[in-house]
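Working notes, beginning with the structure itself.
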Amino acid sequence: MWQCQGVKPPAAPAGAVRQGSLRELNLALVLGRIADARRPPSRAALAADTGLTRATVSAVVEDLVAGRLVTEADPTPRAGAGRPARGLMLAGNGPAGLGLEINVDYLAACVVDLAGQVRHHTVHRSDLRPVSPADALGRLAELAARARADADAQDLTLAGAALGVPGLVDGSGQVRLAPNLGWRDVPVPDLLAQHPPLTETVDGVPPLVVDNEANLAALGELHAGAAPGSFLHISGEVGIGAGIVLNGALFRGTRGWSGEIGHIPVRPDGPPCRCGGRGCLELYAGQEAILSAAGLAGADLPADRASTRLTQLAAAEHPAVLHALAEAGTAIGVTVASVVNLLDLDTVVLGGGYASLTGWLRPPVLAEIERRVLTAAWSPVTVRPATLGATAAAVGAAGSVVRRIIAQPGGWLARL
C-alpha cells in the first residue's frame with residue numbers, strides 16, 4: 028500500500044516477538060541514535076546510551092556497516108595509552124532517496140544520501156497548466172531517470188522515491204484536486220505505471236509515495252534541524268500550501284488533507300478562486316497576485332525567478348513592489364493569526380518563493396499576528412525564512428525516503 032504517515036503498522040500477535048523482530052528493533056535503535064547524535068558516537072557510548080550490551084551493539088554495528096548504512100569516522104586523537112575509539116556516522120555512499128516535485132510552472136528532481144546531503148538537484152521550468160497530467164508526469168519521469176543515472180555514477184542506490192504535488196492526495200496516491208494545475212481525480216500511480224523504475228514494488232515496499240508538496244517541504248525543514256518541534260511551514264508559489272508540524276510530527280488531519288491555507292478566505296465576498304471559493308489567500312498573496320500588484324503581470328517569470336526578481340526590486344526600494352509585498356504580507360498575517368489562535372504555534376516558517384522575501388513580508392505578517400492573536404502580548408510568534416527555501420519540497424521528499432530507512436533499517440538490509 029502507499030505510505031500513509033502517522034498510521035501505525037498492525038500490532039504483532041501475542042508471543043510473536045521472535046529473534047528476528049528483536050534484531051530489527053536493535054538495528055533501528057542503534058541507527059537512530061547514530062543519526063541523531065551531534066558527534067559520531069563510539070560503540071561503547073552507544074551501549075551506554077541504549078542499554079544494550081557491548082556485544083550486541085558490536086554485532087548490530089557490523090550489520091549496519093555491511094549494509095552501507097554506517098561508516099566509521101576518523102579516530103579522534105587522544106592523550107595517553109590505548110587505541111582511540113572510532114566514532115560511527117551515517118554512510119554517504121549507500122542508500123539514497125529520490126525526491127520529485129511537480130508544480131504549476133516547474134518540475135524538480137533531487138537525490139539525498141543517508142547523511143542528508145543533496146547529491147543531485149535538477150529543475151525544469153515549464154508552465155504545466157496547459158499540459159495533460161500524463162504528459163507532465165512523463166516529463167517528470169525523464170528527470171527522474173537522469174537523477175537515477177547520476178546516483179548510480181556516485182555509487183548510490185535509490186531506495187525509493189517520493190513525489191510532491193500541489194493538491195489533495197488520497198491514501199492511494201490519487202490526486203483528488205490540484206486547482207492551480209487544473210487536475211481533478213488524477214490516478215498518478217496508474218499514469219506512472221508506464222515508467223516501471225518508479226512503480227515496481229521491491230520486497231513488498233512501493234518505491235514511490237505521492238504526497239502534498241507543502242507537507243514534504245515541512246518535513247524537509249523539520250529534518251534539517253532548523254525548526255522547533257511545532258511550527259507552521261508556508262510554501263508560497265503560484266499556489267500557497269502549508270505543512271503543520273506538531274511535537275515533531277506532521278499533522279495530516281483525518282483524511283490527510285490538512286494545510287490548505289491558500290484556500291482560507293481572507294475576504295469571503297472577494298473575487299472567485301480556481302478552487303470554487305471566493306476571496307482565498309492565494310488571490311492576495313500568491314505569486315501571480317504579487318506580480319500583478321507590482322506591475323509585473325506580463326513578465327512570464329517561473330516561481331524561482333519571480334522571487335529572485337521581486338527580491339532584487341524590493342532591495343532597490345521599487346515602490347510598486349514594496350506595496351505589493353506589504354499587501355501580501357497583510358493577507359498572510361490575517362490568515363496565519365487564525366491558525367496560531369487555533370493551534371497555539373510559536374513559529375511560522377516562510378518557504379518556497381516567500382523565503383527570500385521574508386525581510387519584506389515579515390513586518391506586516393507580525394503586525395497582523397500582534398493585532399489578532401490573543402496571546403501575542405506575552406507569547407510572541409517568530410516568523411523566519413525556511414532554511415531550504417525553494418528546494419524544500421524536493422529535498423523533503425527525498426529526505427522522507429531516507430528517514431524511512433533510518434526508522435526501519437531491517438527492510439533495507441533484507442534487500443541485500
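The letter at position 94 of the sequence shown is residue 121 when you use my numbering, and the numbering goes up by one with no holes.
C-beta atoms are modelled at their ideal positions from N, C-alpha and C, and glycine is treated no differently.
- DSSP places V272 in no alpha helix (DSSP H) but in the uninterrupted beta strand (DSSP E) bounded by 267-273.
- In this structure the stretch 281-295 does not touch the stretch 401-411; the number of beta carbon pairs closer than 8 Å is below three.
- With respect to the 7 Å criterion, G379 and G247 are not classified as neighbours on the basis of their beta carbons.
- In this structure, DSSP gives H222 a state outside helix and strand, which the three-state scheme calls coil.
- The C-alpha of L58 lies about 6 Å from the C-alpha of I433.
- With 16 or more neighbouring CB atoms inside 10 Å of its own CB, S383 falls in the buried class.
- Around G200, the same chain offers W29, V215, P216, V237 as residues with beta carbons nearer than 7 Å, after the five sequence neighbours per side are excluded.
- For the pair N242 and G270, the CB atoms are nearer than the 7 Å cut-off.
- DSSP, read as helix, strand or coil, puts D212 in strand.
- P122 sits in a strand when the DSSP states are folded into three classes.
- In the structure shown, V293 falls within a coil segment according to DSSP collapsed to helix, strand and coil.
- The Cβ atoms of V138 and A123 lie closer than 7 Å to each other.
- Leaving aside the five residues that flank L195 on each side, the residues in its chain whose CB is nearer than 6 Å to its CB run, in chain order, R203, L204, W284.
- The stretch 414-443 is shown to contain whole alpha helix (DSSP H) runs of 4 or more residues at 419-434, 436-442, in chain order.
- By the neighbour-count criterion, in which a residue is buried when 16 or more other Cβ atoms sit within 10 angstroms of its Cβ, S159 is exposed.
- Only residues of its own chain outside the window of five on either side were considered, and among them L79, T83, V87 have a CB closer than 7 Å to the CB of N53, listed in chain order.
- Here the alpha carbons of R305 and A347 stand approximately 25 Å from one another.
- With contacts defined as CB atoms closer than 7 Å, A251 and T414 qualify as a contacting pair.
- Annotation: the stretch 118-198 contains the following complete segments of the beta strand (DSSP E) (minimum length 3 residues), in chain order: 122-129, 133-140, 145-152, 184-192.
- Taking C-beta separations shorter than 7 Å and ignoring five residues to either side along the sequence, the partners of A71 in its chain run R81, A112, following chain order.
- Contact check between the stretch 363-374 and the stretch 315-324: fewer than three CB pairs, one atom from each, fall below 8 Å, which does not count as touching.
- For G121 against T77, the beta-carbon gap comes to about 22 Å, at or over 8 Å, which does not count as contact.
- One alpha carbon belongs to T335, the other to S257, and they sit about 29 Å apart.
- DSSP places A404 outside any beta strand (DSSP E), giving it a letter other than H or E.
- Of the candidates G268, L277, A118, G114, G114 places its Cα closest to the Cα of P68.
- For G275, the CB contacts under 6 Å within the same chain, skipping 5 residues up- and downstream, are G256 in chain order.
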